[in-house]
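Visitor: Going by the numbering used here, the first residue of the sequence shown is number 56, and it counts up by one from there. For glycine and all other residues, C-beta sits at the position ideal for the given N, C-alpha and C.
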Amino acid sequence: MDLSAEQARKIALISQGMASSISNKPNSNAFKRTLDSLGVIQIDAVNAVARSHLLVLRSRLGGTHEHLEKLLRQQTYKNHEIAEYWGHEASFLPTSDWPLYKWRMRRAAKGEIWKGIRNFANEKPGYIKQILNELTKRGPSKASDFERGGPKSSWWGWSDSKLALEWLFWIGDITVANRVNFTRYYDLPQNIFPEKICTSEPEESTAHKTLILNAARYLGVATADDIVDYHRLPKKLAKLRLQELEEDRQLSKVAIEGWDEDAYILTKLDNAEHPTRTSLLSPFDPIVWFRPRAKRLFNFEYKLEIYRPKSKRLFGYYVMPFLYDNMLRARLDIKANRSINTLEILGSFSEPKLMNKLAVHALWQELKILADACGLASISVRHNGDLAPALHKLAQSK
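(1) Based on the DSSP secondary-structure assignment, which residues constitute the bridge partners of Tyr379?
(2) Tell me the DSSP bridge mates of Asn233?
(3) To the nearest angstrom, how far is the alpha carbon of Val276 from that of Ala67?
(4) Please tell me whether Gly53 and Ser92 are closer than 8 Å, where the distance is taken between their beta carbons.
(5) Excluding the five sequence neighbours on either side, which residues of its own chain have a C-beta within less than 7 Å of the C-beta of Gly194, listed in chain order?
(6) Mind checking whether Glu136 and Val231 have CB atoms under 8 Å apart?
(7) Considering only the alpha carbon of each residue, which of Val111, Asn396, Arg88 and Trp225 lies closest to Ile98?
(8) Going by beta carbon distance, what residues of the same chain come within less than 7 Å of Gly371, once the five residues before and after it are set aside?
(9) Ignore the nearest five residues each way along the sequence and tell me which others in Ala164's own chain have a CB closer than 7 Å to its CB.
(10) Expressed to the nearest angstrom, what Euclidean distance is found between the alpha-carbon atoms of Thr333 and Ser75?
(11) For the beta strand (DSSP E) that contains Phe147, what are its first and last residues?
(12) Mapping the DSSP letters down to three states, classify Tyr182 as helix, strand or coil.
(13) Report buried or exposed for Leu369, applying the criterion of at least 16 other Cβ atoms within 10 angstroms of its Cβ.
(14) Determine, using beta carbons only, whether Leu398 and Leu378 come nearer to each other than 8 Å.
(15) Could you check if Ile395 is buried or exposed, using at least 16 other CB atoms within 10 Å of its CB as the buried criterion?
(16) For Ile311, collect the residues of the same chain with a Cβ closer than 6 Å to its Cβ; drop the 5 residues on either side in sequence, then sort them by chain order.
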């Protein structure tokens, strides 16, 4: 089977939940359907516009960030149907999938983890055991509850208690029970999750195959590297599992117009036609988080510039791709300036030959929707980028 580039884009977007209906106030059922189409939602601390997970949810569900946060908290910290763990990066994921990452927990316990945390665990096992014992007695606690002063570690300036808790989280001995102002409160998994979740121990190869099939469903059509990256699987082993799934006819290979390698597609993929969403995307949205895939699907060169010095940034600090009519047609550097109740457009840049008058008006409507979602009263447009004059004119004529 061969697919055109346009067909591949549609399949990818539909699979990512970008064709579902939106609402001013989405309910918990819509929320669950969205998580089912994504599998993991990356957590990131940067709050230039809103937390990334809220931007990802808004792109698929609509509604305000405040309402989406309430839905997320209900499902995660009250109903415990969503858990936190290292899925793609730090991620929200279905609690039912938590056992699928126990292979990662086992590997972390053997030292396959960030060097600073591994070294700390090797140097202070007694302290880590003490922290776990204290947490067992206390119940939900944050890192600062265990701090007794003293110097910070040389690794990101983290305290010993934070390093100990991070180690215990990586190896699955603790989980996140709550967040207050984005600060994690930890507890034992057996105090949070059903017994069958805590006791389930899938074999590594079985878990990898399940995660691969899940990633293929979330992505719709994807290369081996796309699939491996989705859950950050060990590349060599994952590609062996991919080959086995193809031999078992659970995955099929397909040639895509313009791609230099074959892609995988689920054998039973629902390839129905649906209109897809117009949206400004988080830099950490699964549609764009793997940059080679964004280039293949949309011919969109995209680099995160948050950690670059300001003088070396090409487009800005928090640059959001603009999705319209199945293509990424522009990128905007955006800031929610809450001190002046304004969504600031610091830069607005079109992709070559992809923005026309209709697209510009669609972008302006999306900016107004985003401002409303952020609870901001106005939009300002800085004269930076080729789209700035048209957007500034629309801002002045509101």
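Guide: For this structure:
(1) Mapped onto the sequence shown, residue 379 falls at position 324. In the DSSP output, where bridge partners are listed per residue, Tyr379 has Met382.
(2) Working through the sequence shown from its first residue, we reach residue 233 at position 178. Tyr240, per the DSSP bridge assignment.
(3) On the sequence shown, position 221 is the one that residue 276 refers to. On the sequence shown, position 12 is the one that residue 67 refers to. C-alpha separation (whole angstroms): 6 Å.
(4) The first residue shown for the chain is 56 and the last is 453, placing residue 53 beyond what the model contains.
(5) Here residue 194 corresponds to residue number 139 of the sequence shown, with the count starting at 1. Excluding positions up to five away in sequence, the list reads Asp242.
(6) Working through the sequence shown from its first residue, we reach residue 136 at position 81. Working through the sequence shown from its first residue, we reach residue 231 at position 176. Against a cut-off of 8 Å, the Cβ pair of Val231 and Glu136 comes out as no contact.
(7) As a first step, residue 98 is located in the sequence shown; it is residue number 43 there, counting from the start. Considering only alpha carbons, the answer is Val111.
(8) Taking the first residue of the sequence shown as 1, we reach residue 371 at position 316. For Gly371, where only same-chain residues beyond five positions count, the Cβ hits under 7 Å are Glu360, Asp388, Leu401 and Gly402.
(9) Reading the sequence shown from its first residue, position 109 is the one you call residue 164. Around Ala164: Ile226.
(10) As a first step, residue 333 is located in the sequence shown; it is residue number 278 there, counting from the start. As a first step, residue 75 is located in the sequence shown; it is residue number 20 there, counting from the start. Each residue's alpha carbon lies about 12 Å from the other.
(11) In the sequence shown, counting from the first residue as 1, residue 147 sits at position 92. Segment Ala145 to Pro149, the beta strand (DSSP E) holding Phe147.
(12) The residue given as residue 182 occupies position 127 in the sequence shown. Of the three classes helix, strand and coil, the one that applies to Tyr182 here is helix, per DSSP.
(13) Here residue 369 refers to the residue found at position 314 when the sequence shown is read from its first residue. That one is exposed.
(14) The sequence position of residue 398 within the sequence shown is 343, counting from 1. The sequence position of residue 378 within the sequence shown is 323, counting from 1. Taking 8 Å as the Cβ cut-off, Leu398 and Leu378 do not qualify as a contacting pair.
(15) Here residue 395 is taken as the residue at index 340 of the sequence shown, counted from 1. With fewer than 16 other Cβ atoms within 10 Å, it is exposed.
(16) Locating residue 311 in the sequence shown gives position 256, counting from the first residue. Once the five neighbours on either side are set aside, the close Cβ partners of Ile311 are Leu58, Ala63 and Ala318.
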